[in-house]
Ligand SMILES: Cc1cc2nc3c(=O)[nH]c(=O)nc-3n(C[C@H](O)[C@H](O)[C@H](O)COP(=O)(O)OP(=O)(O)OC[C@H]3O[C@@H](n4cnc5c(N)ncnc54)[C@H](O)[C@@H]3O)c2cc1C
Ligand code: FES
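Residue numbers (this note's numbering): 207 to 476.
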């Protein structure tokens, strides 16, 4: 019998991987979550704490579903602190996914926005020529560089890391590198997920060159299924209509890149 995605399924955390001092990957077994499309997310219940939206990826070595969490406030810190053997609840997967293009592909990720990018890499064709751009503030915050290289062993590829302070990789904002790359390359597809200002600039640069570009948005999510309205961006509900949107659609939305809503639904400028 098919599982109802709106029912919470209890899963056991089987392995915890330290990615950086503030980012961990939690691996768990779940047949439904291990088949998610790139860009889809789950609502994750941390018993006794809260429920959070999390992108889903697949652990490279184990082939199992995984969440990669950055500790932030109370709920994400509780998730970050879980140990192997402890329980989480998952419902979903929810949301649409990236439209896959073939050929010369550029992926741009920042922070935990790299999670859907890593899932997307597992859908690349061996003939695709793939560039992955990883943006971080400092060397300590860089993760998934090795994973990206491993996932792309069959492809012509390059993984470029930028750090704001130049402590690792190329110095500068990841969007400066996006601009350099789209100025001289014709990409068949550009995909991005991360801080909204980063996505806004990436979409703008790619769109100005006439490239196909999509971004996966993050908004405050409570229900995850299109009922509460907390994830609205203009007329769109990110949980129901996204999380993935085309660049031209996003650039016509006056909220994208400019403001989001806090837990009370009050707009806050980026
Ligand atoms: C589709 C989607 C996928 C996400 N994937 C990941 C991921 O893979 N890894 C990861 O670490 N984080 C991810 N996030 C963000 C993560 O859900 C929030 O950072 C987390 O909810 C913070 O909760 P908190 O209680 O620890 O922090 P709080 O102190 O309560 O809030 C800190 C900040 O986190 C954000 N936030 C808080 N609650 C929510 C919520 N319910 N929905 C969205 N944002 C919230 C707000 O910007 C808030 O200002 C994702 C968010 C969305 C919408
Ligand atoms: S989170 Fe409730 S409508 Fe999207």
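Just so you know, even glycine gets a beta-carbon here, dropped at the ideal spot from N, CA and C.
Ordered along the chain, which non-local residues of its own chain (more than five positions away) have a Cβ less than 6 Å from that of residue 162?
-> Here the chain covers residues 207 to 476 and nothing more, so residue 162 does not appear.
Which two residues bound the contiguous alpha helix (DSSP H) that contains residue 343?
-> Counting from one through the chain shown, the residue named residue 343 turns up at place 137. Where residue 343 is concerned, there is no enclosing alpha helix (DSSP H), given that its DSSP letter is neither H nor E.
Between which two residues does the alpha helix (DSSP H) carrying residue 406 extend?
-> As a first step, residue 406 is located in the chain shown; it is residue number 200 there, counting from the start. Unbroken alpha helix (DSSP H) run through residue 406: 402-414.
Residue 463: beta carbon under 7 Å from a heavy atom of ligand 1?
-> Numbered from 1 along the chain shown, position 257 holds the residue referred to as residue 463. No, ligand 1 has no heavy atom inside 7 Å of this Cβ.
Taking 7 Å as the cut-off, is the CB of residue 427 close to at least one heavy atom of ligand 2?
-> Position 221 of the chain shown, counted from the start, is the residue given in the question as residue 427. Flag set: Cβ of residue 427 near ligand 2.
Would you kindly report the start and end of the unbroken alpha helix (DSSP H) that includes residue 352?
-> As a first step, residue 352 must be located in the chain shown, where it is residue number 146. 351-357 is the span of the alpha helix (DSSP H), which, as asked, contains residue 352.
Nearest candidate by alpha-carbon position, reference residue 315, set 330, 350, 306 and 414 | Residue mapping note: residue 315 aligns to position 109 of the chain shown, counting from 1. Closest by alpha carbon: 350.
Residue 268 versus 219, 441 and 376, residue with shortest Cα-Cα distance | In the chain shown, counting from the first residue as 1, residue 268 sits at position 62. The option with the nearest alpha carbon to residue 268 is 219.
Return helix, strand or coil for residue 286, following the three-state DSSP convention.
-> If you number the chain shown from 1, residue 286 lands on position 80. Helix, per DSSP.
How about residue 388 and residue 453: do their beta carbons lie closer than 8 Å?
-> On the chain shown, residue 388 is found 182 positions in, with the first residue counted as 1. On the chain shown, residue 453 is found 247 positions in, with the first residue counted as 1. No. Outside cutoff.
Beta-carbon gap between residue 234 and residue 270 smaller than 8 Å | The count along the chain shown starts at 1 and reaches residue 234 at position 28. The count along the chain shown starts at 1 and reaches residue 270 at position 64. Yes.
Taking residue 298 as the reference, give the member of 455, 230 and 250 with the closest Cα.
-> On the chain shown, residue 298 is found 92 positions in, with the first residue counted as 1. Comparing Cα positions, the closest option is 250.
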